[in-house]
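2 protein chains.
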Amino acid sequence: MESEAFGDPASDERGPVTGPRRSRPLRGMRIIEISTYVATPLSGMTLAQLGADVIRIEPIGGAPDRTRWPLAESGTSLYWSGLNKGKRAIEVDLSSERGRRLVADLVVSGGRRGGIVVGNSERHPELAFEALRERRPDVIHVLLTGRRNGETAVDYTVQAATGFPLLTGPEEAAQPVNSVVPAWDLAAGLYVTVGLLAAERHRLLTGEGQQVRVALEDVALATAGNLGYLAEAQLSGTPRERCGNYVYGTFGRDFATADGGRLMVVALTARHWQDLLAATGLTEVVSALAGALGVDFGEESVRHRHRKLLGDLLAGWFGTRTRAEAESALRATRVLWSAYRSFAELAALLPESPLMGKLTQPGVGEHWAPGSPVVMDGEQTPPETSPQVGEHTGEVLRAELGLSAAELAKLREDGVIRDPGGHQRDRDPRTREAGQP
Amino acid sequence: MESEAFGDPASDERGPVTGPRRSRPLRGMRIIEISTYVATPLSGMTLAQLGADVIRIEPIGGAPDRTRWPLAESGTSLYWSGLNKGKRAIEVDLSSERGRRLVADLVVSGGRRGGIVVGNSERHPELAFEALRERRPDVIHVLLTGRRNGETAVDYTVQAATGFPLLTGPEEAAQPVNSVVPAWDLAAGLYVTVGLLAAERHRLLTGEGQQVRVALEDVALATAGNLGYLAEAQLSGTPRERCGNYVYGTFGRDFATADGGRLMVVALTARHWQDLLAATGLTEVVSALAGALGVDFGEESVRHRHRKLLGDLLAGWFGTRTRAEAESALRATRVLWSAYRSFAELAALLPESPLMGKLTQPGVGEHWAPGSPVVMDGEQTPPETSPQVGEHTGEVLRAELGLSAAELAKLREDGVIRDPGGHQRDRDPRTREAGQP
Chain A
207 MESEAFGDPA SDERGPVTGP RRSRPLRGMR IIEISTYVAT PLSGMTLAQL
257 GADVIRIEPI GGAPDRTRWP LAESGTSLYW SGLNKGKRAI EVDLSSERGR
307 RLVADLVVSG GRRGGIVVGN SERHPELAFE ALRERRPDVI HVLLTGRRNG
357 ETAVDYTVQA ATGFPLLTGP EEAAQPVNSV VPAWDLAAGL YVTVGLLAAE
407 RHRLLTGEGQ QVRVALEDVA LATAGNLGYL AEAQLSGTPR ERCGNYVYGT
457 FGRDFATADG GRLMVVALTA RHWQDLLAAT GLTEVVSALA GALGVDFGEE
507 SVRHRHRKLL GDLLAGWFGT RTRAEAESAL RATRVLWSAY RSFAELAALL
557 PESPLMGKLT QPGVGEHWAP GSPVVMDGEQ TPPETSPQVG EHTGEVLRAE
607 LGLSAAELAK LREDGVIRDP GGHQRDRDPR TREAGQP
Chain B
207 MESEAFGDPA SDERGPVTGP RRSRPLRGMR IIEISTYVAT PLSGMTLAQL
257 GADVIRIEPI GGAPDRTRWP LAESGTSLYW SGLNKGKRAI EVDLSSERGR
307 RLVADLVVSG GRRGGIVVGN SERHPELAFE ALRERRPDVI HVLLTGRRNG
357 ETAVDYTVQA ATGFPLLTGP EEAAQPVNSV VPAWDLAAGL YVTVGLLAAE
407 RHRLLTGEGQ QVRVALEDVA LATAGNLGYL AEAQLSGTPR ERCGNYVYGT
457 FGRDFATADG GRLMVVALTA RHWQDLLAAT GLTEVVSALA GALGVDFGEE
507 SVRHRHRKLL GDLLAGWFGT RTRAEAESAL RATRVLWSAY RSFAELAALL
557 PESPLMGKLT QPGVGEHWAP GSPVVMDGEQ TPPETSPQVG EHTGEVLRAE
607 LGLSAAELAK LREDGVIRDP GGHQRDRDPR TREAGQP
């Protein structure tokens, strides 16, 4: 096995790279992404932020998530722009066999850097694992489905199916409370990425490809099992009940301050608990209480059982302090805490975050956007612009499949591909302005 | 570069393996995990489920998450057992320099399969990246912190800090609603895993190690940015408001049935929407309504703007059907939907799930537990038992560091290590019973 076969990892085959060497460990890997919504686009973006060349395939006019809210004033989707940063995008008629064959050609091309596809649809026979493997035995085919049996599902329906909404929200809530954070989409997109990287490692070492499958519902079920919820439901006679913003099994809850502030406060360990009591002047009161009850609040389970009593005592302290006073007292301790912030408050703080960089996105304008949350040797990939639909159609098909100008013109004429404006350009997206402040 | 240097990937250096070859693509990779709670233990378990040999380091008596709720009747933590499946565990006095040196020895040992550590603490100087790199230049050091600057934070405080609890829960809620799903822990654990695999790929190709850092708060911030929340807050004059269980930007909400059932129903596309109207007999009514209002409900944004009106119409239909009738009507469509299930209802369905396997865990007993949600070439790693604290102390130190029986006895005598019962055994955990049904 020769390492040159995978491209020189110290140089990007697509030209100059913003950012240093080790923060782009996946250079020399090319991913074809055929995807919509959150999970698989997040997978592609995560790989792109680590240096892979990710080419998102769009049907003519763009995929249905192209218009997903929230929108910028121009109508550009902030959601789509956020989930496709740093990719290239090509526009192909997936309803025609010619278009699908072209995409399959792309998947199997690229030598050792190619042959990897990630998607969330089994609709197209030309793009199925078996069909691609016949054309390229070492293909890596990564597929996200809703359910294991291939049925569709989305984060909100998986939430309903897997128990958590009935334990989320105020204790007195009569109805299930869904989470606005699409946790299963996020986790599924990252499991997909883990599976892809594991399969690519296997291919590096053995030359063998394979299919990787992850089901959104399985991700939620696995998590429910991994966190003990499923074992508890099977083994315990007493079903778990909603406990609002209390942290289950230890002491933590939110507190209102006198001036309308609100803080989340968590005492996970005995040390945190002692610190919290000292900061609020409640050490003696709580000690007397413990003595009277014959219990030790140093134990997390005891704190949890008596959470309301302890919470009421502490609520009295927080309710007679301003947010600034309460924060100042907590800052001097090891207690885990944070003020609740609205997105507007959060937006005002973004310039201070080393994760964020100023990004000028066509259709959106200048704003602070996150780079990669994975920091490698002190360096992180800054936020990069997301492509326009069809922006790189000509560039990609020319460079990856060696199509001639005449062949591209014929494909355009026949409506098999579209590249609005893109065929006049030869710029690499990585060279566009996408700096840290 | 010779592939033998990384061990023959077709054979496990730790002996016989349950499950076929490709479902264990990380065989020949050894991870030292020094971790607590959810994120880094999930990372280690995910790597173990893909075939890595993961050795969890515990302080004497176990880490603080050892007793985290929920508990089995025996007092064994179902949470800890769920997050440490398939690992080996050793018990070392981390408060002593001798203990910490022993762990550092382990990290830098193992040749090409070793030299990788994942953890969530910077407390111990002997285990810091710089110290380990001095001993082994190609070490891969993966660290999860609460905040980027190293400050502590946990999922609940990060939730508060990053906006989502003020948008979660009923529209009329006066207070923030935290999610019981630790989405940031999950995503952080998986980002850590992605970073580790990317770094290991870089090392395979170049021989270079590096440090990988992920901050829990950055994961939440990056997600808020990736989903468009941060751009919206910066660019839009109108802050987003809570919309309960309605899906933002399209049509989806929960409905009560006549017999007390509750279903989550989502019409993401125009097709879903047409199907939903047809199934509920509302096509003509809604068409007349659209005509009267001069709007097209085929557009997701229009459905979202008129969600209450449309929701009320549909609620009338669901409210006069039993759950069985409503499910039967929806089953004939492409609409996305699911009934809400409690964990008790979910538990009863687990034997049907191909993800789940019967597991007999000491201290817990027999129950259905999830295997890996990543299915490779049709095969998945079944659920494996989690270790007892100190179960593999002797075995690991003997095999990985070549310590003699006399050296182990001395370490035990001096209280540097503990292995309750473990030193009498030589079994590989992978050979223990952990079958699919």
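Taken in order, these protein sequences are the chains called A and B. Just so we're on the same page, the working numbering is the position in the first sequence counted from 1, plus 206. Just so we're on the same page, the working numbering is the position in the second sequence counted from 1, plus 206. Glycine included, C-beta positions come from ideal geometry on N, C-alpha and C. Keep in mind it's a predicted model, so treat the numbers as computed, not measured.
query                                                                                                                                                                        : result
Just how far apart, CA to CA, sit L555 (chain B) and Y285 (chain B)?                                                                                                         : 21 Å
Identify whether T351 (chain B) lies in helix, strand or coil by the three-state DSSP scheme.                                                                                : strand
Would you call the region 423-430 of chain B and the region 356-375 of chain B in contact, with 3 or more CB pairs under 8 Å?                                                : yes
Checking 8 Å against the spacing of the C-beta atoms, do T246 (chain A) and N326 (chain A) come in under that value?                                                         : yes
Work out the CA separation of R540 (chain A) and R477 (chain A) for me, nearest whole Å.                                                                                     : 8 Å
Suppose the cutoff is 7 Å on Cβ atoms and the five residues either side in sequence are ignored; what does the same chain contact list for E414 (chain A) look like?         : D344 and H408
Just mark P626 (chain B) as buried or exposed, buried being the case when its beta carbon has 16 or more other beta carbons within 10 Å.                                     : exposed
Can you have a look at E606 (chain B) and say buried or exposed, based on whether 16 or more other CB atoms are within 10 angstroms of its CB?                               : buried
Look at V348 (chain A) and V398 (chain A) and say whether their C-beta atoms are less than 8 Å apart.                                                                        : yes
Can you tell me which of the three DSSP states R468 (chain B) falls into?                                                                                                    : strand
Can you give the beta carbon distance from Q388 (chain B) to Y546 (chain A), rounded, assuming they're within the 8 Å contact cut?                                           : One detail in the question is off: residue 388 (chain B) reads as Pro in this sequence, not Gln. Not quite, the Cβ-Cβ distance comes to about 17 Å (not below 8 Å), so this is no contact.
Using a beta-carbon distance cut-off of less than 7 Å, what residues from the region 308-329 of chain A approach chain B?                                                    : none
Go through the region 459-527 of chain A residue by residue and report every complete run of the alpha helix (DSSP H) that reaches 4 residues or more, in order.             : 476-485, 489-499, 506-511 and 513-525
Quick one: list the residues of chain B neighbouring W574 (chain A), beta-carbon separation under 9 Å, in chain order.                                                       : G431, L436, A437 and Q440
Answer yes or no: does any C-beta atom of chain A fall closer than 8 Å to that of A405 (chain B)?                                                                            : yes
Just checking my contact of L519 (chain A) with W574 (chain B) at CB under 8 Å: how many whole Å lie between their CB atoms?                                                 : That belief does not hold up - the Cβ atoms of L519 (chain A) and W574 (chain B) are roughly 41 Å apart, past 8 Å.
Where in the region 289-366 of chain B do unbroken runs of the beta strand (DSSP E), each at least 3 residues long, occur, reported from the N-terminal end onward?          : 294-298, 322-325 and 346-351
Helix or strand or just coil, what does DSSP make of H573 (chain A)?                                                                                                         : strand
Do three or more CB pairs link the region 440-456 of chain A to the region 295-312 of chain B at distances below 8 Å?                                                        : no
Assign D502 (chain B) to buried or exposed, taking buried as 16 or more other Cβ atoms, counted over all protein chains shown, within 10 Å of its Cβ.                        : exposed
Would DSSP call A535 (chain B) helix, strand or coil?                                                                                                                        : helix
Considering just the uninterrupted stretch of the alpha helix (DSSP H) at A612 (chain B), what are its terminal residues?                                                    : A611 to E619
Contact defined as beta carbons within less than 8 Å: I believe L232 (chain A) pairs with G268 (chain A). What is the distance between those atoms, to the nearest angstrom? : Not a contact, Cβ separation roughly 26 Å.
Residues in its own chain within less than 6 Å of T566 (chain A) by CB, not counting five upstream and five downstream?                                                      : E572
Using the beta-carbon of each residue, which ones in chain B are nearer than 8 Å to A359 (chain A)?                                                                          : L542 and S544
Return the chain-ordered ranges of every alpha helix (DSSP H) run that is complete within the region 385-470 of chain B and spans a minimum of 4 residues.                   : 389-412, 422-432 and 435-441
How many Å lie between E619 (chain A) and G320 (chain B) at the Cα?                                                                                                          : 56 Å
How long is the line joining the alpha carbons of S249 (chain B) and R448 (chain A), rounded to whole angstroms?                                                             : 28 Å
Beta carbons nearer than 8 Å to chain B: which residues of the region 400-427 of chain A have them?                                                                          : V400, G401, L403, A404, A405, E406, R407, H408, L410, L411, T412, E414, Q416, Q417, V418, R419, V420, A421, D424, V425 and L427
Does any residue of chain A bring its CB to less than 8 Å from the CB of L474 (chain B)?                                                                                     : yes
Taking only three categories from DSSP, how would you classify E597 (chain B)?                                                                                               : coil
Is any beta-carbon of chain A found at less than 8 Å from that of F457 (chain B)?                                                                                            : no
Does the beta-carbon distance from T374 (chain B) to S544 (chain A) come in below 8 Å?                                                                                       : no
Between W479 (chain A) and chain B, is any beta-carbon pair separated by less than 8 Å?                                                                                      : no
Let me know the secondary structure DSSP gives G608 (chain B) once reduced to three states.                                                                                  : coil
Determine which residues of the region 365-382 of chain B have a Cβ less than 9 Å from any Cβ of chain A, and write them out in chain order.                                 : Q365, A366, A367, T368, G369, F370, P371, L372, L373, T374, G375, P376, A379, Q381 and P382
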